[in-house]
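Peer 1: After the structure tokens below, expect a handful of questions from me.
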């Protein structure tokens with residue numbers, strides 16, 4: 002998430018924009034979890050608006066993974082791909098060194114020293130450490146996925162068949178409560194998003210920015226309308242539960258991505274986005290402690306009418322604070338990794 006620097010070609014500034022948007026969606030998605038939106042009565046316009054942004058925010062992981070596929074699809078070097086994991090692991094360990102003391106001494110999440118060490122290896126030392134665990138597995142497969150994509154070459158038919166097969170395996174089973182497709186491979190959705198990002202890189206599809214954004218918002222709006230009109234009292238009771246890999250979410254992710262990945266970014270804004278983008282990975286991880294602290298300060302803000310106030314007073318400050326901490330941690334990570342690679 003944090004591998005785009007200010008010195009990259011200008012054409013990638015739009016990818017920085019997508020990465021920053023994905024991180025904002027991460028913070029918004031966790032906001033809905035922390036304020037208990039899943040247990041709010043599904044009724045009224047305020048709830049519908051909240052549901053729209055909740056469904057949009059679920060696109061966060063898919064956007065990150067499509068970015069990875071877009072940027073890394075041409076790298077078939079096993080050594081190079083695996084070497085990239087060093088930065089991820091160092092960033093994770095540095096964030097653990099910050100998060101563990103905060104959780105232990107400030108958030109009263111007390112554990113023994115041995116338990117904290119074990120939690121690092123279990124990726125539970127950080128509440129959002131599952132992403133690192135998932136990304137490590139994907140990274141181990143990336144050179145081989147890229148070799149398969151290279152073999153396909155520019156054959157559009159084969160690309161479409163591959164995408165359709167992955168969507169059938171991972172996205173189609175979740176679109177309804179009825180079992181219309183085998184759901185054994187749903188957990189493999191990171192590969193689906195990665196391959197979609199790679200296919201976008203190879204085919205370079207074009208769509209009007211506003212049309213693409215409209216498509217994504219319309220799908221989120223229809224999903225929200227379905228939730229409210231389905232007769233369930235709360236979202237928690239709804240079936241199916243819309244998740245990262247479901248086809249409706251894939252639709253949102255895809256149109257958000259293709260509407261923004263080629264957008265023109267002014268030079269000054271590109272530099273700001275590059276700075277912000279560098280803090281997205283560690284910022285994502287460290288945002289867990291900001292979430293745990295700040296949402297305890299506003300336990301009474303559970304009403305959908307207060308959501309905008311929460312967004313301004315809590316969500317945005319968490320986003321900014323996490324981003325800045327992430328930038329610092331990423332710079333330290335880069336120094337460590339660079340020093341390790343420098344010949345002596």
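In this note's numbering, the protein residues as written are 2 to 345.
Beta carbons are placed, not taken as given, at the ideal position from N, Cα and C, and that holds for glycine.
Note that this is a predicted model, so its numbers are computed, not measured.
(1) Which one of 127, 45, 30, 18 has the shortest CA to CA distance from residue 290?
(2) Three or more C-beta pairs under 8 Å: does that hold for the segment 63–81 against the segment 323–342?
(3) For residue 188, which option in 181, 39, 179, 173 has the closest C-alpha, if you only look at C-alpha atoms?
(4) Determine whether the beta carbon atoms of residue 140 and residue 97 lie at a separation below 8 Å.
(5) Considering only the alpha carbon of each residue, which of 244, 270, 180, 282 lies closest to residue 89?
(6) Measure how close the beta-carbons of residue 262 and residue 201 come, nearest whole angstrom, since I'm counting them as under 8 Å.
(7) Could you work out which residue in 162, 95, 315 is closest to residue 295 when comparing CA atoms only?
(8) Kindly indicate which three-state DSSP category residue 115 falls into: helix, strand or coil?
(9) Where does residue 17 land, buried or exposed, given buried means 16+ other C-beta within 10 angstroms?
(10) Please classify residue 258: is it buried, with 16 or more other beta-carbons within 10 angstroms of its beta-carbon, or exposed?
(11) Relative to the C-alpha of residue 46, which residue among 196, 225, 114 is closest?
(12) Give me the DSSP bridge partner(s) of residue 42.
(13) Quick test of your reading: residue 247 and residue 175, contact by CB under 8 Å. State the CB separation rounded to the nearest angstrom.
(14) In the DSSP assignment, the alpha helix (DSSP H) including residue 310 goes from what residue to what residue?
(15) For residue 227, does the three-state DSSP call read helix, strand or coil?
(16) Please report how far the alpha carbon of residue 206 lies from the alpha carbon of residue 328, in whole angstroms.
(17) Near residue 230, what residues of its chain come up, given a Cβ to Cβ distance below 6 Å and the 5 sequence neighbours on each side ignored?
(18) With a threshold of 7 Å on Cβ separation, who are the neighbours of residue 186 within its own chain once the five nearest residues in sequence on each side are excluded?
(19) Can you list, in chain order, the residues of its chain whose CB lies under 7 Å from that of residue 15, leaving out five sequence neighbours each side?
(20) In terms of alpha-carbon separation, which member of 85, 64, 102 lies closest to residue 192?
(21) Going by the CB atoms, is the gap between residue 68 and residue 30 shorter than 8 Å?
(22) Tell me the DSSP secondary structure of residue 252 in three-state form.
(23) Just how far apart, CA to CA, sit residue 304 and residue 311?
(24) Within the segment 68–97, note down every full alpha helix (DSSP H) run reaching 4 residues or more, in order along the chain.
(25) Could you please give the first and the last residue of the uninterrupted alpha helix (DSSP H) stretch that includes residue 285?
(26) Roughly how many angstroms lie between the CA atoms of residue 292 and residue 332, to the nearest whole one?
(27) Applying the criterion that 16 or more other CB atoms from any shown protein chain within 10 Å of the CB defines a buried residue, is residue 223 buried or exposed?
(28) Does the beta-carbon distance from residue 250 to residue 217 come in below 8 Å?
(29) Whole angstroms is fine: what's the gap from residue 158's alpha carbon to residue 117's?
(30) From what residue to what residue does the alpha helix (DSSP H) around residue 298 run?
(31) Let's test the definition: count the other Cβ atoms within 10 Å of the Cβ of residue 162 and tell me whether it reaches 16, buried, or not, exposed.
(32) Just to confirm before moving on: does the CB-CB distance between residue 21 and residue 274 stay below 8 Å?
(33) Considering residue 131, what are the terminal residues of the alpha helix (DSSP H) in which it resides?
Peer 2: The structure says:
(1) Closest by alpha carbon: 127.
(2) The segment 63–81, when compared against the segment 323–342, does not touch it at the 8 Å Cβ threshold.
(3) Of the listed residues, the one whose Cα sits closest to residue 188 is 173.
(4) No, Cβ-Cβ distance for residue 140 and residue 97 is not below 8 Å.
(5) Ranked by Cα distance from residue 89, the options 244, 270, 180, 282 are led by 282.
(6) Contact between residue 262 and residue 201 holds, since their C-beta atoms are separated by about 7 Å, short of 8 Å.
(7) Considering only alpha carbons, the answer is 315.
(8) DSSP places residue 115 within a helical segment (H, G or I) once states are collapsed to three.
(9) With 16 or more other Cβ atoms within 10 Å, it is buried.
(10) With 16 or more other Cβ atoms from the protein chains shown falling within 10 Å of its own Cβ, residue 258 counts as buried.
(11) Of the candidates 196, 225, 114, the one whose C-alpha sits nearest the C-alpha of residue 46 is 225.
(12) Per DSSP, 235.
(13) Rounded, the Cβ-Cβ distance is 4 Å, consistent with contact.
(14) That run of the alpha helix (DSSP H) goes 308–311.
(15) DSSP places residue 227 in helix when its eight states are reduced to three.
(16) Separation of residue 206 and residue 328 (C-alpha to C-alpha, rounded to the nearest whole angstrom) is 32 Å.
(17) Within the same chain, residue 230 has no close Cβ partners at all.
(18) Contacts found: 170, 171.
(19) Answer for residue 15: 261, 262, 263, 264, 266, listed in chain order.
(20) Comparing Cα-Cα distances from residue 192 to each of 85, 64, 102, the minimum goes to 64.
(21) No.
(22) Residue 252 falls in the helix class under three-state DSSP.
(23) When rounded, the separation of the alpha-carbon atoms in residue 304 and residue 311 is 10 Å.
(24) Whole alpha helix (DSSP H) segments, 4+ residues: zero.
(25) Segment 281–295, the alpha helix (DSSP H) holding residue 285.
(26) A direct Cα-Cα distance of roughly 23 Å separates residue 292 from residue 332.
(27) Residue burial is scored here from C-beta neighbours: residue 223 has fewer than 16 other C-beta atoms within 10 angstroms and is therefore classed as exposed.
(28) It is not a contact, given that the beta carbons lie outside the stated cut-off.
(29) Straight-line measurement puts the Cα of residue 117 at about 50 Å from the Cα of residue 158.
(30) Here residue 298 belongs to no alpha helix (DSSP H), and DSSP marks it neither H nor E.
(31) With fewer than 16 Cβ atoms within 10 Å of its Cβ, residue 162 is classed as exposed.
(32) Cβ atoms of residue 21 and residue 274: closer than 8 Å.
(33) First-last of the alpha helix (DSSP H) with residue 131: 131–153.
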